[in-house]
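Read the structure below first, then the notes.
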Amino acid sequence: MAEEILQELSNPSSSEALVKSLKAVKNEIVGHSHRKELWVRRGIIIVLHKILESHKTGSKQRQEDNISSYEAKQQYQRVYDEAARLQAVDIVGSLAHGGPAFMLPLQAGKIIVQLLDIVCPSESSPDLVLATLRSLNAIADAASLDNTEERSEEDEDFLDILYTDQALSNLNQILRDDSFTLKGQQQINLTIQLIAKTSNTERRRKQIKISKILESLAFRLASFVISSQGQASYIKACAGGVFPAHPAGSLALLLHAICAAIAYSKVRASEFCCYAVWQHVFPYDVRDIYAWRVPVKRSSILSPRSGLNALTSQQTTKMSKNTHNLPPFNSIATMSKLPSNNQGGASESVVHEGFNSRNLDDTPLIGWLLSTIRTRDGLTRLMAIWFMGILFRSHMVSINRQNTFSTLLIPILVKMLDGDESIDDEGKERDPPLEKTTSRLRKEIAPKVLAIFVQDDEFLQKSAVERNAIRKLSQLLKQAFNPISASLLTPMWNAHDAEESTLSMDPSKPCVLGRPGIESIVHHTHQIRESYLVALSAMTTSVDDNKQAIIDNGVVPFVIESLNSGIHDRGTSRAVDLFKPGSSVATIIAACALVRTLSRSVAILRTSLVDAGLAKPIYGLLSHSNIEVRIAATAAVANVLLPFSAMRQDITDAGALHTLCEHAHSSNSKLRSNALLALSNFVVEAPNELKIKVVQELSPEWLKRIISSGAGDGTDSRRLSRGIGFVTTAANSSGTDDSNFRGMSDSVNDYLQDNHIEDTNMSDYNYMIDQSEEYGDKLPSTTKHGAPSYEYDDDLTGEATAAIKAARDHFIAQEHGLALIRNLLVGGSDIGEIVEYLFEELGQDKLFDIFTDLLRPKSMNIFRGWDPKLGSSKVVPPPTEVVIGVCYILVHISASKPRHKQIVLAQKELLQLIKPLFIHPHPHVRVALVWLVINISWKEDAADRDAVVNRALELKKLGIVDKVREALSDSEFDVRERAKQAIAILTDLIKC
904 MAEEILQELS
914 NPSSSEALVK
924 SLKAVKNEIV
934 GHSHRKELWV
944 RRGIIIVLHK
954 ILESHKTGSK
964 QRQEDNISSY
974 EAKQQYQRVY
984 DEAARLQAVD
994 IVGSLAHGGP
1004 AFMLPLQAGK
1014 IIVQLLDIVC
1024 PSESSPDLVL
1034 ATLRSLNAIA
1044 DAASLDNTEE
1054 RSEEDEDFLD
1064 ILYTDQALSN
1074 LNQILRDDSF
1084 TLKGQQQINL
1094 TIQLIAKTSN
1104 TERRRKQIKI
1114 SKILESLAFR
1124 LASFVISSQG
1134 QASYIKACAG
1144 GVFPAHPAGS
1154 LALLLHAICA
1164 AIAYSKVRAS
1174 EFCCYAVWQH
1184 VFPYDVRDIY
1194 AWRVPVKRSS
1204 ILSPRSGLNA
1214 LTSQQTTKMS
1224 KNTHNLPPFN
1234 SIATMSKLPS
1244 NNQGGASESV
1254 VHEGFNSRNL
1264 DDTPLIGWLL
1274 STIRTRDGLT
1284 RLMAIWFMGI
1294 LFRSHMVSIN
1304 RQNTFSTLLI
1314 PILVKMLDGD
1324 ESIDDEGKER
1334 DPPLEKTTSR
1344 LRKEIAPKVL
1354 AIFVQDDEFL
1364 QKSAVERNAI
1374 RKLSQLLKQA
1384 FNPISASLLT
1394 PMWNAHDAEE
1404 STLSMDPSKP
1414 CVLGRPGIES
1424 IVHHTHQIRE
1434 SYLVALSAMT
1444 TSVDDNKQAI
1454 IDNGVVPFVI
1464 ESLNSGIHDR
1474 GTSRAVDLFK
1484 PGSSVATIIA
1494 ACALVRTLSR
1504 SVAILRTSLV
1514 DAGLAKPIYG
1524 LLSHSNIEVR
1534 IAATAAVANV
1544 LLPFSAMRQD
1554 ITDAGALHTL
1564 CEHAHSSNSK
1574 LRSNALLALS
1584 NFVVEAPNEL
1594 KIKVVQELSP
1604 EWLKRIISSG
1614 AGDGTDSRRL
1624 SRGIGFVTTA
1634 ANSSGTDDSN
1644 FRGMSDSVND
1654 YLQDNHIEDT
1664 NMSDYNYMID
1674 QSEEYGDKLP
1684 STTKHGAPSY
1694 EYDDDLTGEA
1704 TAAIKAARDH
1714 FIAQEHGLAL
1724 IRNLLVGGSD
1734 IGEIVEYLFE
1744 ELGQDKLFDI
1754 FTDLLRPKSM
1764 NIFRGWDPKL
1774 GSSKVVPPPT
1784 EVVIGVCYIL
1794 VHISASKPRH
1804 KQIVLAQKEL
1814 LQLIKPLFIH
1824 PHPHVRVALV
1834 WLVINISWKE
1844 DAADRDAVVN
1854 RALELKKLGI
1864 VDKVREALSD
1874 SEFDVRERAK
1884 QAIAILTDLI
1894 KC
């Protein structure tokens, strides 16, 4: 029977027979994985390719049909050709439901490309487009189960073919459909669902914005917004081409796609909220968008008056009798005088909490999102909160919303962890597939959304802890490691019978299956493990007590187990009743992040992590095949290598030193940066032999290139100088009196922070290891604006992006290189020996020339680099982090032998550059300079007094003593105390 069907498919006797045979194949393979495999081996992919290829001819016929009339026979033939293509598309979808193993033959047969051609609504019938979108969604589901974990975000995979210009144009055409038909809305829902499933890499998110799909999504969201508005807003929106959403539309799916597309980018989030469509949706002046923010009960929503209609749902209650107290909508200044009328007590939350400059960054969408969160439930509510979190981390939400988040959003998210949130009506009645996956999506997304809000926010972290978020997350993480029952796994059948042995296995044909991948339940397990680990990591970034709470809940063994990278695929034997999946790449990275945050606690690092056996798995990950894992593991190892860590020796004995030095030479800037950070921690108080070994492994010449202000690391010098010009000029454009010494402005500093995947703050590289505070360095913390980081450079032009990225990478490597040299001079048996070694290997004069160049303000042009002849230039100071690094290296050199103190004092140009830094805005710079004066004027013994007096006189001659005296009135307590000590020493030596 099968052979007869295959023969008919290869050489159809008629169109009717072809359609009948295709239906027979479809009915046979639906729900039967082994039959799908057999038909692939028989060559069904080639037959499907031939049938789908006829679509091009069919589309031409339809275009001609609009011009002239065809005979009945020709039209009859076209109908059956269309039916054959429809059946072929259904078969492709059924094969895709078989899992990742069927992706290889589908790709080899170029089936996916053909589906993307068919999905064009202007060339295909609505039924065919609808079936094609279902098949593409099935393909996306199968691709997500591919367990090829070695592939990084930059590598190609099956789904990248969806993000070609033509394919995205076809999808955008569907999203722009305004026919308001049921089939049209079904196509839109499936397209939105496809975008939500596949926009999981930065490259794809950029393509979504470039192709204007993001703008189309904004247009669709605007339809839902005006559906809840009053008549005036409705009329204006319709005049602008925006109409209410179709009843079959899914707000949950739409918000999911939007969040997936704008995630991790402040630029995309900001641009989304600034599309022109919102001018038709929110009918009021932008200056008036804050007038509605008055105290209200949690059970009610701000109610109508002009622009308020744009922010509320028809289901909300009307305003109380105090509505007449609202000021005119064109007067924001009077809002600060608005009296509070909140009488609800603890059960009510106050939306209005005063105004500041950040209020003006609030977007009108916030009000509508709050209304949606209050009035909807289930997945729609979760997606709205996720959207709110993205806008919050993109600085598009007023900081005064914090109380609202604490009393409204955090409790909802914590409740969702319990699974108490019901499925909304939209999921039950309008989208059965959504109902089926709501529970899994909630478990996978809710913890990550919670992490977005609590990351680096002590106030929201305390709010979550008060609602037992840590206990719940810990318990859920433990449950996620329970073995999976074999009954939940799909039994796989291997075709080894006589029928299969007779099949032709021509390798040139797409009849060979790929890797089986993993089960959907295993994929879900990986997803929820990652989510719980991310949430727990976010809970520990600001409140130290939370770290101990996580330890007390007993999750450390499960965190260590998450570091194991073994993944079992669907070919695993089912002889056992229970199945224990390994960890995915995302899970390992999340576990490394949690290890990193926990290891910032000395007590935990010396006890719980040691007892759990962290050293072996974390060292093994340093050589993982996936570079993102190596980056995360290197960042986690950085804390483990500190002097007080009991695991330091074990990891060193395992060969971590050589591995980290190799990573430091990596072309990947993130890996290089983390490796330098780890090495700088490793050399603190290490024996001199190990310190020398580190320098030799890295190479002295390479180390000089890293800390140099030139492009000696192989970077294009013109591109690097343009990037540095852009960053530093923008950073120091405040125009204040001390602008020459200000660090980077908030926006540029955020840019540098947010592109740092190892989630370290530029402002937190505070290696304050000196005579007064040996281990006082503030270990690099997670990103200021959430995890993962929110980027800035994704929407710049190609050349600008490359230039700024080169400058950013160079600054980070330069800073970590200086930190490494600084920590080489900390601890050990004889610091003088290391100073002499560095002078010999790096060159004494060369080293001080580099330091001088680093502290020298640069004349720079944003567009032309460092050549003042090519345009107007601006003098900009060096980055604060570089200044701190150089100053403390000088502090440690001058703390060594008397000869080294004299060498530092002999650097006249360098000291002249240091003098203005006594009024640097950063207190760490000022205190370092006072320490430098103390160390230079320090008397080792009585025989050294004459030399010390001469050094003190030289300091006075250079005018540095006067600078120290001015520091006695410094605003920083530490600076004043160190200045008192310095003046006392100098007074004892000379009359100053």
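Be aware that the sequence shown starts at 904, since it is given in the working numbering, and climbs by one per residue. Glycine included, every Cβ here is placed at the ideal spot set by N, Cα and C. Since we're looking at a predicted model, the values are computed, not measured.
Helix, strand or coil for residue i? Go by DSSP, reduced to three states.
i     : result
K929  : helix
K1387 : Note that residue 1387 is Ile in the sequence shown, not Lys. Correct three-state label for I1387: strand.
V1778 : strand
K1749 : helix
S1082 : coil
S1168 : strand
K1761 : strand
P1377 : Checking the sequence, you will find Ser at residue 1377 rather than Pro. Reduced to three states, the DSSP call for S1377 is helix.
W1195 : The predicted position of W1195 is uncertain, since its pLDDT is 34 and thus under 50; no value can be drawn from it.
T1783 : helix
H1825 : coil
H1803 : helix
E1843 : coil
N1103 : coil
K939  : helix
K1112 : helix
M1291 : helix
M1442 : helix
M1299 : coil
H1426 : helix
G946  : coil
L1512 : helix
F1876 : helix
L912  : helix
D1891 : helix
Using 10 angstroms around the beta-carbon of residue i, count the other beta-carbons present and answer buried if the total reaches 16, otherwise exposed.
i     : result
T1283 : buried
K1109 : buried
Q1017 : buried
A1846 : exposed
R1802 : exposed
T1510 : exposed
K1100 : buried
F1547 : exposed
P1419 : buried
I1534 : buried
R1854 : buried
Q1246 : Low local confidence applies: a pLDDT of 35 at Q1246 is under 50, so the model's placement there is unreliable, with the coordinate-based value given in what follows. So Q1246 counts as exposed.
S1732 : exposed
H1568 : exposed
C1177 : exposed
E1718 : buried
P1413 : buried
Among the options, which residue has its Cα nearest to the Cα of residue i?
i     : options                    : result
A1093 : S1102, L1156, S1082        : Rather than Ala, the amino acid found at residue 1093 in this sequence is Leu. Ranking S1102, L1156, S1082 by Cα distance to L1093 puts L1156 first.
K1596 : P1003, A1559, N1073        : A1559
L1036 : S1570, R1123, Q1089        : Q1089
Y1740 : H1825, L1856, Q1599, A1798 : Q1599
V1352 : V1300, I1387, L1285        : L1285
T1067 : S1025, I1116, T1084, E1026 : I1116
E1105 : T1084, D1063, L1078, S1131 : D1063
G1720 : T1555, V1867, T1562, A1578 : A1578
Can you list, in chain order, the stretches of the alpha helix (DSSP H) that have 4 or more residues and sit fully within the region 975-1036?
975-999, 1006-1011, 1014-1021
Complete runs of the alpha helix (DSSP H) confined to the region 1524-1599 [at least 4 residues]
1530-1543, 1551-1556, 1559-1567, 1572-1585
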